[in-house]
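Visitor:
Protein chains in written order, with the numbering used here: chain A, 60 to 173; chain B, 1127 to 1238.
#1: Take residue 166(A) and list the residues in its own chain whose beta-carbon comes closer than 6 Å to its own, dropping the five residues that flank it on each side.
#2: For residue 1166(B), is the classification buried or exposed, using 16 other Cβ atoms within 10 angstroms of its Cβ as the cut-off for buried?
#3: Mind listing which residues of the stretch 1220 to 1231 of chain B have their C-beta closer than 8 Å to chain A's C-betas, in chain order?
#4: Check this for me: beta carbons of residue 1211(B) and residue 1220(B), under 8 Å apart or not?
#5: Would you say residue 108(A) lies against chain B (beta-carbon separation less than 8 Å)?
#6: Have a look at residue 1178(B) and residue 76(A) and give me their C-alpha separation to the nearest angstrom.
#7: Chain A beta carbons: is any one of them nearer than 8 Å to that of residue 1167(B)?
#8: According to the neighbour-count rule (16 or more other Cβ atoms, all chains shown, within 10 Å of its Cβ), is residue 1213(B) buried or exposed?
#9: Can you confirm whether the stretch 131 to 148 of chain A touches the stretch 1137 to 1149 of chain B when touching is taken to mean that 3 or more C-beta pairs between the two stretches lie within less than 8 Å?
#10: Considering only residues of the same chain and omitting the five flanking positions on each side of residue 1150(B), which have a CB-CB separation below 7 Å?
#11: Hey, could you find the ends of the beta strand (DSSP E) residue 1145(B) is sitting in?
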């Protein structure tokens, strides 16, 4: 079974700082990778996804992620964070074929200080 | 389209009570799932369905039942609520063959 690790549980940044959130997965086969964001009091929204092709994926709100197959990683980045990026971020993975059971990481809470 | 809707938004139960969390989607998605979200544990899959009449267990199914009589609805039943079931519950749907899941707004459940 696949698993997902997010090593940063709580990150505090000042506005305009750069962001990188780590995500590592364990699975030997083909995977689909996602980053979801959950703003306070809201439901999960898709930030970006990787299925195949260019390993550098651009998402909404200036976020991007890079899939490095050799490192089993899919780190999320943003060059300059804003206060409105304060949220919890979840990395997730599905494997190919049939029903796509989604395995989520434990989440990283990002707090951006004005 | 309303997307994925869940009711109620909030619920407080006493230990031993039963209740049903409702989930509906209007996107004609075949796949539907229930997750619970707990602090520090991310989202964990409770039950899922790949179509009307077909359900299966996820990672944490104990204490919960589901049924899928229509494509649109996927209710989650708590048979005898326990404090350990205090959580936020999310329903999600996806089209057959699709990978991205669409989430509902969640139900915050407290069991006293």
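Note that the Cβ used here is the ideal one computed from N, Cα and C, for glycine as well.
Guide: A quick look at the data gives this:
#1: As a working mapping, residue 166(A) is identified with position 107 in the first chain. Once the five neighbours on either side are set aside, the close Cβ partners of residue 166(A) are 147 and 149.
#2: Within the second chain, numbered from 1, the residue matching residue 1166(B) stands at position 40. In summary, residue 1166(B) is exposed, with fewer than 16 beta-carbon neighbours lying within 10 Å of its beta-carbon over all protein chains present.
#3: Interface annotation for the stretch 1220 to 1231 of chain B against chain A: 1220, 1224, 1225, 1226, 1227, 1229, 1230 and 1231, criterion Cβ-Cβ distance under 8 Å.
#4: In the second chain, counting from the first residue as 1, residue 1211(B) sits at position 85. In the second chain, counting from the first residue as 1, residue 1220(B) sits at position 94. It is not a contact, given that the beta carbons lie outside the stated cut-off.
#5: Translated into the one-based positions of the first chain, residue 108(A) becomes position 49. Chain B contact via Cβ: present.
#6: Taking the second chain and counting its residues from 1, the one referred to as residue 1178(B) is at position 52. Taking the first chain and counting its residues from 1, the one referred to as residue 76(A) is at position 17. A direct Cα-Cα distance of roughly 48 Å separates residue 1178(B) from residue 76(A).
#7: Position 41 of the second chain holds residue 1167(B). Closer than 8 Å to some Cβ of chain A, the Cβ of residue 1167(B) qualifies, so yes.
#8: Sequence index remark: in the second chain, residue 1213(B) carries index 87 (1-based). Result: buried.
#9: Between the stretch 1137 to 1149 of chain B and the stretch 131 to 148 of chain A there are fewer than three C-beta pairs closer than 8 Å, too few to call the two in contact.
#10: As a working mapping, residue 1150(B) is identified with position 24 in the second chain. Closer than 7 Å at Cβ, skipping near neighbours: 1131, 1198 and 1199.
#11: Working through the second chain from its first residue, we reach residue 1145(B) at position 19. If you look at residue 1145(B), you'll find it in the beta strand (DSSP E) that goes 1145 to 1151.
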